[in-house]
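Number of protein chains: 2
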Amino acid sequence: MNMKTYSREEIESVLVKSELIEAVEEGFRQYSAGDVVVPPVGHLGFDNPPGDVHIKYGAVKGADTFTIKVSNGFYDNPQLGLSSSQGVILVFSQKTGVLDALLFDQGLITDMRTAAAGAVAAKYLAPEHVTAVGVVGTGIQARLQIEFLSEVRAFTKIYVYGRHLEAVNEYISDMSAKGYEVESVEKISDLAKAANLIVTTTPAREAFLMAEDIQPGTHITAMGSDGPDKQEIQPELICNADVRVVDSRNQCFLYSDTSYALKAGLIEESSVVELGEIVSNASLGRTGDQQITFADLTGVAVQDIVSAELILAKLGSDSSLSN
Amino acid sequence: MNMKTYSREEIESVLVKSELIEAVEEGFRQYSAGDVVVPPVGHLGFDNPPGDVHIKYGAVKGADTFTIKVSNGFYDNPQLGLSSSQGVILVFSQKTGVLDALLFDQGLITDMRTAAAGAVAAKYLAPEHVTAVGVVGTGIQARLQIEFLSEVRAFTKIYVYGRHLEAVNEYISDMSAKGYEVESVEKISDLAKAANLIVTTTPAREAFLMAEDIQPGTHITAMGSDGPDKQEIQPELICNADVRVVDSRNQCFLYSDTSYALKAGLIEESSVVELGEIVSNASLGRTGDQQITFADLTGVAVQDIVSAELILAKLGSDSSLSN
Chain A
-12 MNMKTYSREE IESVLVKSEL IEAVEEGFRQ YSAGDVVVPP VGHLGFDNPP
38 GDVHIKYGAV KGADTFTIKV SNGFYDNPQL GLSSSQGVIL VFSQKTGVLD
88 ALLFDQGLIT DMRTAAAGAV AAKYLAPEHV TAVGVVGTGI QARLQIEFLS
138 EVRAFTKIYV YGRHLEAVNE YISDMSAKGY EVESVEKISD LAKAANLIVT
188 TTPAREAFLM AEDIQPGTHI TAMGSDGPDK QEIQPELICN ADVRVVDSRN
238 QCFLYSDTSY ALKAGLIEES SVVELGEIVS NASLGRTGDQ QITFADLTGV
288 AVQDIVSAEL ILAKLGSDSS LSN
Chain B
-12 MNMKTYSREE IESVLVKSEL IEAVEEGFRQ YSAGDVVVPP VGHLGFDNPP
38 GDVHIKYGAV KGADTFTIKV SNGFYDNPQL GLSSSQGVIL VFSQKTGVLD
88 ALLFDQGLIT DMRTAAAGAV AAKYLAPEHV TAVGVVGTGI QARLQIEFLS
138 EVRAFTKIYV YGRHLEAVNE YISDMSAKGY EVESVEKISD LAKAANLIVT
188 TTPAREAFLM AEDIQPGTHI TAMGSDGPDK QEIQPELICN ADVRVVDSRN
238 QCFLYSDTSY ALKAGLIEES SVVELGEIVS NASLGRTGDQ QITFADLTGV
288 AVQDIVSAEL ILAKLGSDSS LSN
């Protein structure tokens, strides 16, 4: 058996943000071109203790591998001294079905490919000159999104909004240490008025980013609305946007901020563009300085597939790793 | 990481037929009692080279583990000197989501749990006195079914039907070596008339076992109709049966020999019993010597779940294995 097993540390050691953004960008292009098979996500839920198992899998047609990601969220694990994020990414040969590798990334690849998607959206949609980035939320994505955005736009100023003072202060401290100039705001509307690139990264279940607060020329990426009942963006904001982008029509028409705007009859399905279509044809993205653009990212298995393939290729060629 | 990896040989070394039958019997009981979560099977298909990936997963509620089985059939593999049956069974803790073990069984557990299901069906449905077993097909299941049936009924006489003389002769030779008295038949109707326990194990796409040939008191188990377009049993035979059993209503009403009888309007859904219901209440099974009984087995993930749990428990307690 030639199966390789890699730890989170090994995976982290070969991850390069710019390469991941490039891979995810190409993955979205292939996805929207119909070159990726992504069956519906599998799910198992447990009550006692509470746990969620998600099985995301798929393949780029004709590629060397296919990928099955098992993401287990067991929320009481920290009480046992274990990470709540468990699971494994399985990479198989698309030529023989043989299991090539197990990536025990403990959620790292999901975090990174999610941030990479935000960077791809910003690359095609954010204004050329970013005056400040507004971040709603203070968790992992609130940090990673910034670091990945820095790969595609130059900025130093960040406005951050969080509900817990301690988390906000920790965020300011951490991100200041990375060279950003970070300021917290009391109201989300203040952030919306001051930044022309806004990223929402919360598990909110009610819209908090309002149409009336958005300035012309702003791009907004919503990351948080990745399941039923989650909502971050006022539907009227999406209606007002000049360009409306989703990572996956299939997913975003079912749930996501975009789905609320559709259900409210404020926008038509035909007015929504997939991110991968913009990668193929940039003229579908931002075409003017004063446009408001909106990207709704729910996470697509192709991001896992291309990320795993990239990481494996790099791990395989890194002879300093002993496996 | 305490994840254990087991090979086919290690798994085989701890497999005891009677224990597996008992585990699968209890699994069916739990399944029909609603104590098992079995989401729809995931599927990925490839064309070049041809390959099928099936993801079967689920959990017995409140058990220690949950199981994800990835079965990869890559049909050109033998040309590369590889088994066409690839994949892995992943066993996770239901308490923490941690991956406990990988079973590289190369299809062994699927083969065994499929044969065990046949034995469970025969335990409750076959006549007490089996005069002879009739087997249609000469492959792995045509062999394993016999060996597992021997755990629940006493018999030595086997009639076999196969389309290829060479395979039939090999079957006769192999099974004779195991102490059975094996005779081939020219026509399936001959086998049906001579045996009162019949097992069909073929990938046929047209019914070959006819109502008119079945003798009173016979039990028939159909194993082959495990997907759309497959068929082994004449719908009229199922209509004539006094007891009609399926492993899973969900699956068998969708595809299976039973589904053809339903679509033809020959039987009502309400006349079909689940095998697990019979395990709970044997009076739902055979109640008379002269009854014709029919069991339609399509394979349910609970069989994999309980088999993997049994095997892991035995491997874990076997100190002669070094992992």
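Respectively, the protein sequence lines represent chains A and B.
Take the first sequence: its position 140, counting from 1, is numbered 127 in our numbering, and each next residue is one higher.
Take the second sequence: its position 242, counting from 1, is numbered 229 in our numbering, and each next residue is one higher.
Beta carbons: idealized from backbone N, C-alpha and C, even for Gly.
> Roughly how many angstroms lie between the CA atoms of residue 44 (chain A) and residue 119 (chain B), to the nearest whole one?
Replying inline: 46 Å
>> Between which two residues does the beta strand (DSSP E) holding residue 46 (chain A) run?
In response: 37 to 47
> What does DSSP give as the partner residues of residue 218 (chain B) in its beta bridges?
Replying inline: B:192
> residue 32 (chain B) lies in the alpha helix (DSSP H); which residues open and close that run?
Replying inline: That residue, residue 32 (chain B), is in no alpha helix (DSSP H); its beta strand (DSSP E) goes 29 to 34.
>> At the level of alpha carbons, what is the spacing between residue 202 (chain A) and residue 182 (chain A)?
In response: 8 Å
> Whose CA, out of B:84, B:68, B:199, lies closest to the CA of residue 50 (chain B)?
Replying inline: B:84
> So residue 15 (chain A) is in the alpha helix (DSSP H); what residue range does that whole segment cover?
Replying inline: 4 to 19
> Where does residue -11 (chain A) land, buried or exposed, given buried means 16+ other C-beta within 10 angstroms?
Replying inline: exposed
> Among all the DSSP beta bridges, which residues are the ones paired with residue 255 (chain B)?
Replying inline: Answer is none; residue 255 (chain B) lacks a bridge partner.
> So what's residue 311 (chain B) in DSSP terms, helix, strand or just coil?
Replying inline: Residue 311 (chain B) cannot be examined here, being either before or after the span of chain B that is shown, -12 to 310.
>> Counting beta carbon pairs with one atom in the stretch 275 to 282 of chain B and one in the stretch 224 to 232 of chain B, are three or more of them shorter than 8 Å?
In response: yes
> In or out: residue 270 (chain B) buried (at least 16 other Cβ within 10 Å) or exposed?
Replying inline: exposed
> Who pairs with residue 231 (chain B) in a beta bridge, going by DSSP?
Replying inline: B:259, B:281
> Excluding sequence positions up to five away, which residues of its chain have a Cβ less than 6 Å from the Cβ of residue 40 (chain A)?
Replying inline: 31, 59
> If you compare alpha carbons, which of A:220, A:277, A:147, A:7 is closest to residue 296 (chain A)?
Replying inline: A:7
> Going by alpha carbons, who is nearest to residue -8 (chain B) out of B:47, B:75, B:217, B:177?
Replying inline: B:75
> Would residue 311 (chain B) be called buried (16 or more neighbouring beta carbons within 10 Å of its own) or exposed?
Replying inline: No information on residue 311 (chain B) is available, as it lies outside the stretch -12 to 310 that chain B covers here.
> Would DSSP call residue 294 (chain B) helix, strand or coil?
Replying inline: helix
> Going by alpha carbons, who is nearest to residue 117 (chain B) out of B:300, B:301, B:292, B:276?
Replying inline: B:276
>> I'd like the ranges of any beta strand (DSSP E) spanning at least 3 consecutive residues and lying wholly in the stretch 122 to 197 of chain A.
In response: 144 to 148, 168 to 171, 184 to 187, 192 to 196
>> For residue -9 (chain A), list the residues DSSP reports as bridge partners.
In response: A:88
> Is DSSP giving residue 266 (chain A) helix, strand or coil here?
Replying inline: helix
> Is residue 82 (chain B) close to chain A, meaning its C-beta is less than 8 Å from at least one C-beta of that chain?
Replying inline: yes
> What is the residue span of the beta strand (DSSP E) that residue 208 (chain A) lies within?
Replying inline: 206 to 209
>> Quick check on the burial criterion: 16 or more other C-beta atoms within 10 angstroms. Buried or exposed for residue 137 (chain A)?
In response: buried
>> Can you find the residues in the same chain that come closer than 8 Å, C-beta to C-beta, to residue 253 (chain B), ignoring five residues on each side of it along the sequence?
In response: 222, 223, 225, 226
> What residue from B:274, B:86, B:154 has the CA that sits closest to residue 54 (chain B)'s CA?
Replying inline: B:86
>> Going by DSSP in three states, residue 303 (chain B) sits in which element: helix, strand or coil?
In response: helix
>> Is any non-hydrogen atom of the ligand NAP found closer than 7 Å to the C-beta of residue 159 (chain B), if you look at the structure I gave you?
In response: In the structure shown, the ligand NAP is absent, as is every other ligand, since no ligand is present at all.
> Considering only residues of the same chain and omitting the five flanking positions on each side of residue 314 (chain B), which have a CB-CB separation below 7 Å?
Replying inline: The question about residue 314 (chain B) has no answer here: the residues shown for chain B are numbered -12 through 310.
> Do you know whose CA, among A:34, A:22, A:215, lies nearest residue 289 (chain A)'s CA?
Replying inline: A:22
> Can you list the residues of chain B that residue 73 (chain A) reaches, using a CB-CB cut of under 9 Å?
Replying inline: 79, 80, 83, 84, 85, 86
>> Let me see if you follow: with CB-CB separation under 8 Å, is residue 313 (chain A) close to chain B or not?
In response: Lying before the first or after the last residue shown, residue 313 (chain A) is absent from chain A, which here runs from -12 to 310.
>> Against residue 30 (chain A), what residues of chain B qualify as contacts under a CB-to-CB distance less than 7 Å, listed in chain order?
In response: 26
>> Pop quiz: residue 259 (chain B) and residue 175 (chain B) are said to be a contact at Cβ under 8 Å. What is the actual Cβ separation, rounded to whole angstroms?
In response: Their Cβ separation, rounded to whole angstroms, is 24 Å, which puts residue 259 (chain B) and residue 175 (chain B) out of contact at 8 Å.
>> Under DSSP, the alpha helix (DSSP H) around residue 275 (chain A) begins and ends at which residues?
In response: Here residue 275 (chain A) belongs to no alpha helix (DSSP H), and DSSP marks it neither H nor E.
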